[in-house]
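Working notes, beginning with the structure itself.
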Amino acid sequence: MNYVAFLILRRLRAPLIALISIYSVLILGYTLIPGQDANGNEYRMSFFHAFYFVSFMGSTIGFGELPYAFTEAQRFWTIIAIYSSVIAWIYSIGAVVAILRDESFLRLLQRGRFRYRVTSEKDPFYIVCGYGLTGSSVVEKMTKRGMRCVVIDIDPARIEALELDSLPFDVPQLCADASDPGVLNDAGIEHKNCIGVVCLTNDDHANLSIAITSKLLKPKRMVISRVATRDYANNLGSFGTDHILDPFEIFADYLDGAIHQPYRHLIYDWLISPEHKALSSAYTKKQGTWVICGYGRFGKALKKRFDQQDMSTVIIEPKPELRGLEITEHVVKGLGTEADTLLEARITIAVGVIAGTADDANNLSIVMTARELNPDLIMVARQNHRLNRSVFSAAGIDMLMDPSNIISNHILGLLKTPLLIEFLAQLIEEKEEWSKELIERLESIVGKSELDSWSLVLDKKSAPAVYEELRTGKELTLEDLMKHPHDRRKALDCMPLLLKRDNTLMMTPAGETQLRIDDEVLMCGLSRAASWMLWLVANENALRYVVSGEEGGGYVWKHWVRQYLGQ
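For what it's worth, this note's numbering labels the leading residue of the sequence shown as 2, then goes sequentially.
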């Protein structure tokens, strides 16, 4: 018996017993009380007639006496029956209403519907645990790309916010504790179409529990987890969590790359962030002191990167003794919102200032005050609340650190194109001059438009047309896949970034590269190019046309191609 039926029967046990008992006594009374027929003869009502009369009497006003007119005794018993049955029904209906308003019953119904929807899911999906700022951003970006997901959050207000959000399609959601293995099981942790789990709750311990449960139940399933402390990061890494994300560490690497490898940083920014920076924004001024306001997790991560590069820093911290800092020429006590404090930190000769406190108002004040003292500063600020985005945008900040946006962009990169992570890891080994040439090629392809990335697996399932061509011994090159299926003389607005073959990686392979079955290719370019290419690798007629110029297929296909080619 399921939980809902069990709860209903348990809560209605007393009302049902009362209703059945009263009806039984009333029916028995009618069969025992003597009556008179039309001729004045004594008769006794049968159980069928008694049950029939009591049944419609309990819910009807204005009824006749049957099968004959009642005697005084029967009418007196009817008065008792009317009031007792009404009381029984009021009691029972009240119990039903109480159940329908009971939170535990509603949660059971919601969980049952959620379980059914997840079980019925036919497409690959991810489980997103936590629908805060980061979780909502991740879900929004996933759904816009057509990626399916289910959401679990312990806060009812967040689940209500999800229901009100304007997402492209409906997302199954459940208000429950995601660290509960039973909840994860209902969310489809063992479902054949579940691809991975994304842990984005505000509690590191809950994220740890979710990751452990996921890895124990399905060791090969991808798990991505956000962390706030190094201890939990080490713990997550000890049992094989696939991706451990600390927004402060990620941004510290991001800023370090922007300073020391500006073109490599731009490649990363273009591939990860939807709103990428212009090529002209590459930062080339490396020498000088950086002023770091706030020495929490963010400040410590930045200081570590700067020390690794032997860069001079001055830290402004309101409580340096609590952070284990001694007042020196490189440590100033204060917030950084006042000009005197910034001047003491030698802001006038600094290269850049980093407003990294946990208060948005203070960070904006630091930026505005520092700009008045030194207009040439590189401005870096931490944004703690999404509602303040418009204010930070108006402040003219060079680099904005929004933890939720950083994590969501990084996660989307992990989910949408796994090859992208391998490319970025390999990118570290490349020289800056190589990165400059690549970013210039990318700019020539997309200009100011958003750069999209996608991957192709040349197997029977993902690219059936390509698979058949290669299986029969025909030759195909990367250049063939980048031709427009409407006009083979034109190239799609894209380029290859990576070719993976037998665990060997080839960066930016040439268009003449011969393709093989099971090759994996990472492409980038405009989104419309991705749509054409994904259609091309699945359609034999389109592929035959771009390779040989032959217009295969029937009349409709040939007419369509001629129409678009103007032939």
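Glycine residues also receive a C-beta, built at the ideal position from the N, C-alpha and C atoms.
- Classified as buried, G189 has 16 or more neighbouring CB atoms from the shown chains inside 10 Å of its CB.
- CA-to-CA, the gap between V224 and G147 works out to about 20 Å.
- In this chain, R222 is not harboured by any alpha helix (DSSP H), its DSSP state being neither H nor E.
- For the 8 Å CB-CB criterion, N410 and R383 do not form a contact.
- From the listed residues T120, M46 and S180, the smallest Cα separation to K216 is found for S180.
- In the three-state DSSP reduction, Q262 falls in the coil class, being neither helix nor strand.
- Between D481 and I446, the C-beta gap is not smaller than 8 Å, which leaves the two residues out of contact.
- Taking C-beta atoms under 8 Å as the contact rule, L544 and A466 qualify, at a distance of about 4 Å.
- Exposed is the label assigned to L107, since fewer than 16 other Cβ atoms lie within 10 Å of its Cβ.
- For C130 against V198, the beta-carbon gap comes to about 7 Å, under 8 Å, which counts as contact.
- In this structure, the CA atom of N236 is about 43 Å from the CA atom of A539.
- Segment contact: the stretch 248 to 255 against the stretch 400 to 416, three or more CB-CB distances shorter than 8 Å; contact assigned.
- S450 places its beta carbon 8 Å or farther from that of I268.
- Judged by DSSP secondary structure, G448 falls outside any alpha helix (DSSP H); it is assigned neither H nor E.
- CA-to-CA, the gap between W536 and E469 works out to about 15 Å.
- DSSP places H50 in no beta strand (DSSP E) but in the uninterrupted alpha helix (DSSP H) bounded by F48 to M58.
- Assignment of D453 by DSSP, reduced to helix, strand and coil, places it in the strand class.
- Under the three-state reduction of DSSP output, A82 falls in the helix class.
- A straight line joining the alpha-carbon of A177 with that of Y127 spans about 17 Å.
- Each residue's CA atom was taken as its position, placing L101 and V140 some 31 Å apart.
- G65 and M46 have their C-alpha atoms roughly 15 Å apart.
- DSSP, reduced to helix, strand and coil, places G526 within a strand of the structure shown.
- Sequence-distant Cβ neighbours of T509 in its own chain, meaning closer than 7 Å and more than five residues away, are L439, P497 and L498.
- Ranked by Cα distance from P169, the options T144, V333 and R149 are led by T144.
- Cβ atoms of Y132 and R159 come within 8 Å of each other, at about 4 Å.
- In its own chain, leaving out the 5 sequence neighbours on each side, no residue places its CB closer than 6 Å to the CB of D166.
- Taking a C-beta distance under 8 Å as the contact criterion, M380 and V354 qualify as a contact pair.
- Contact between the stretch 83 to 100 and the stretch 111 to 118 is absent, with fewer than three C-beta pairs closer than 8 Å.
- In the displayed model, H244 falls within a strand according to three-state DSSP.
- Counted as a single uninterrupted DSSP element, the stretch harbouring T144 is not any beta strand (DSSP E) but the alpha helix (DSSP H) occupying residues L134 to K145.
- Counted as a single uninterrupted DSSP element, the beta strand (DSSP E) harbouring K501 occupies residues C495 to R502.
- Cβ-Cβ separation between L272 and G414: approximately 7 Å, consistent with a contact (criterion under 8 Å).
- In the three-state reduction of the DSSP assignment, M400 falls in the strand class, which pools E and B.
- When T514, P263, Y264 and I213 are compared, the shortest CA-CA separation from G241 is found for I213.
- Beta-bridge analysis with DSSP links W291 to T314 and G353.
- Assignment of I21 by DSSP, reduced to helix, strand and coil, places it in the helix class.
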